[in-house]
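Enquirer:
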Amino acid sequence: MYNLKIIKCGNRVEIYKYNNISVRAKGTEEEFYRFIEPGFKEEQIKIDDIEVKKDTKLENRLNNLNRTRNKIIRLIKCNDDMNTFITLTFAKEKDYKESKKCLKGLFDRLRRDYKGLKYLWVLEYGDKNNRLHYHLLANIDIPIILSSSKERKSKEHKQLEKEFSKKYWKYGFVDIRALNQEGNTNIALYVSTYIVKSLEDRDLEGYRVFGYSNKTLNKPIIETSLDKRPLDEILKQFKGYKVSYSNNYSIGYIKDGEERKGNVTYFDMVQLIT
706 MYNLKIIKCG NRVEIYKYNN ISVRAKGTEE EFYRFIEPGF KEEQIKIDDI EVKKDTKLEN
766 RLNNLNRTRN KIIRLIKCND DMNTFITLTF AKEKDYKESK KCLKGLFDRL RRDYKGLKYL
826 WVLEYGDKNN RLHYHLLANI DIPIILSSSK ERKSKEHKQL EKEFSKKYWK YGFVDIRALN
886 QEGNTNIALY VSTYIVKSLE DRDLEGYRVF GYSNKTLNKP IIETSLDKRP LDEILKQFKG
946 YKVSYSNNYS IGYIKDGEER KGNVTYFDMV QLIT
């Protein structure tokens, strides 16, 4: 059992301090909050905002999407060399299983040409035609200066996409962006937004909505402990960090047939540049 969880992701540290946890035998009808890990304040999902509160399946879906989104953010924060953002579409509509075969083929071909390839992919359904496509973040070097998303693509940019599509993605069209060239300072938030944007109203049970190169990506370091120190003492060990977001929220869950509830104090901190 622990009451403190610290997650380290590159220059980012998250602290979860669990307080006043009470345990009670299962059987009463008292409602509990579902535990949703806070990510960035702008995209926080709250169960209280769901109109149909009794729809457990919907609650679980939003809960899982939010957890997945936080996991994506942490993985990207641990791998700041992934700056190339590629959108992969299909000329002919494909179902989920067919699309995954195409995606696997893409990674097989990329690995042959790029040693130490890092990647993270996210599934999305389009707003207009509701068709499945993928977004990919990778550490693939771009040899030219690409046009920004706010301007028309140059001939060199179009040629690069044409060559990539011909060699790696024959199933449809590609859009390639160098996020670092565009001055995007929050790539993790940019990419993770897609995970909630088009999937919150879909029943995707059995679907993998994101994936990554497990062998090459750096992973978050998660430390848990039973710590009796007051919170201000714990924070002192992170003097070189600035708090970018903090929150205090209620939790409730069932474990070993018992209902447990309490509250969590959360800090999201970024290391100061010296």
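Quick note, my numbering runs 705 ahead of the 1-based positions in the sequence shown. Glycine included, every Cβ here is placed at the ideal spot set by N, Cα and C. Nothing here was measured: the structure is a model prediction, and the numbers come from that model.
(1) Can the beta-carbon of A883 be found closer than 8 Å to that of N788?
(2) Counting only the same chain and skipping the five closest in sequence on each side, list residues whose C-beta sits under 8 Å from that of S994.
(3) Do you know offhand how far I881's Cα is from K722's?
(4) Relative to the C-alpha of T792, which candidate in V827, R779, G810 and T773 has its C-alpha closest?
(5) At the level of alpha carbons, what is the spacing between N716 and V948?
(6) Thinking C-alpha only, which one of F795, G962, E963 and I926 is nearest F878?
(7) Taking the beta strand (DSSP E) that R965 falls in, what are its first and last residues?
(8) For R814, I'd like the list of residues in its chain whose CB is within less than 6 Å of its CB, leaving aside the five on either flank, ordered along the chain.
(9) Pull the bridge partners of N952 from the DSSP assignment, please.
(10) Looking at C-alpha atoms only, which residue of P925, R965, Y971 and R774 is the closest neighbour of D937?
(11) For chain B, find out if any of its Cβ atoms is closer than 8 Å to the Cβ of Y721; answer yes or no.
(12) Since L837 is in the alpha helix (DSSP H), which residue starts that stretch and which ends it?
(13) Counting Cβ pairs, one atom from each stretch, are 3 or more of them under 8 Å apart for the region 939 to 956 and the region 797 to 808?
(14) CB-CB under 6 Å to D753, same chain, minus the five flanking residues each way: which ones, in chain order?
(15) Could you check where the alpha helix (DSSP H) with Y801 kicks off and where it finishes?
(16) According to DSSP, W826 sits in a beta bridge with which residue or residues?
(17) Exposed or buried, Y839, counting other C-beta atoms within 10 Å across all chains shown (16 or more means buried)?
(18) Could you pull out every residue in the same chain whose Cβ sits closer than 7 Å to the Cβ of K930, ignoring the five residues on either side in sequence?
(19) Please list, in chain order, all residues of the same chain as K713 whose beta carbon is under 6 Å from its beta carbon, the five residues on each side excluded.
(20) For D973, count neighbouring C-beta atoms within 10 Å of its own C-beta (all shown protein chains included) and say buried if the count is 16 or more, exposed if not.
(21) Only counting the same chain, and skipping five residues up and downstream in sequence, which positions put a Cβ closer than 8 Å to that of L781?
(22) Tell me where the beta strand (DSSP E) around E861 begins and ends.
Expert: Looking at the atomic coordinates:
(1) What you label residue 883 is simply residue 178 of the sequence shown in a count that begins at 1. What you label residue 788 is simply residue 83 of the sequence shown in a count that begins at 1. Closer than 8 Å, so yes.
(2) Beyond the ends of the chain as shown, which are 706 and 979, falls residue 994; an answer cannot be given.
(3) Against the sequence shown, residue 881 aligns to sequence position 176. Against the sequence shown, residue 722 aligns to sequence position 17. Between I881 and K722, the C-alpha separation is close to 41 Å.
(4) Along the sequence shown, one-based indexing puts residue 792 at 87. The option with the nearest alpha carbon to T792 is V827.
(5) Reading the sequence shown from its first residue, position 11 is the one you call residue 716. Reading the sequence shown from its first residue, position 243 is the one you call residue 948. Those two C-alpha atoms are separated by around 12 Å.
(6) The count along the sequence shown starts at 1 and reaches residue 878 at position 173. Closest by alpha carbon: F795.
(7) Looking up residue 965 in the sequence shown gives position 260. Start and end: E963 to Q976.
(8) For this step, residue 814 is matched to residue 109 along the sequence shown. Excluding residues within five positions, the ones whose Cβ falls inside 6 Å are Y873.
(9) By one-based count along the sequence shown, residue 952 stands at place 247. According to DSSP, which records beta bridges pairwise, N952 is partnered with Y971.
(10) What you label residue 937 is simply residue 232 of the sequence shown in a count that begins at 1. Closest by alpha carbon: Y971.
(11) You won't find chain B in this structure, because it holds only one protein chain.
(12) Position 132 of the sequence shown, counting from 1, holds the residue named residue 837. It is not in any alpha helix (DSSP H) - L837 instead sits in the beta strand (DSSP E) that spans L837 to A843.
(13) no
(14) Your numbering for residue 753 matches position 48 in the sequence shown. The predicted position of D753 is uncertain, since its pLDDT is 41 and thus under 50; a value taken from the coordinates is nonetheless stated next. Around D753: no qualifying Cβ.
(15) Translated into positions along the sequence shown, residue 801 becomes position 96. Note, Y801: alpha helix (DSSP H), Y801 to D818.
(16) As a working mapping, residue 826 is identified with position 121 in the sequence shown. L841 and G916, per the DSSP bridge assignment.
(17) Counted from its first residue, the sequence shown places residue 839 at position 134. It counts as buried.
(18) In the sequence shown, residue 930 corresponds to position 225, counting from 1. One detail in the question is off: residue 930 reads as Ser in this sequence, not Lys. Around S930: Y707 and L709.
(19) Against the sequence shown, residue 713 aligns to sequence position 8. For K713, where only same-chain residues beyond five positions count, the Cβ hits under 6 Å are I926.
(20) Within the sequence shown, the letter at position 268 stands for residue 973. When all chains shown are included, D973 counts as buried.
(21) Numbered from 1 along the sequence shown, position 76 holds the residue referred to as residue 781. Note that residue 781 corresponds to Ile in the displayed sequence, not to Leu. If we look at I781 and ignore the five residues flanking it on each side, its Cβ neighbours are M787, L825, L842, I892, A893, V896 and S897.
(22) Translated into positions along the sequence shown, residue 861 becomes position 156. No beta strand (DSSP E) holds E861; the alpha helix (DSSP H) holding it covers K860 to Y873.
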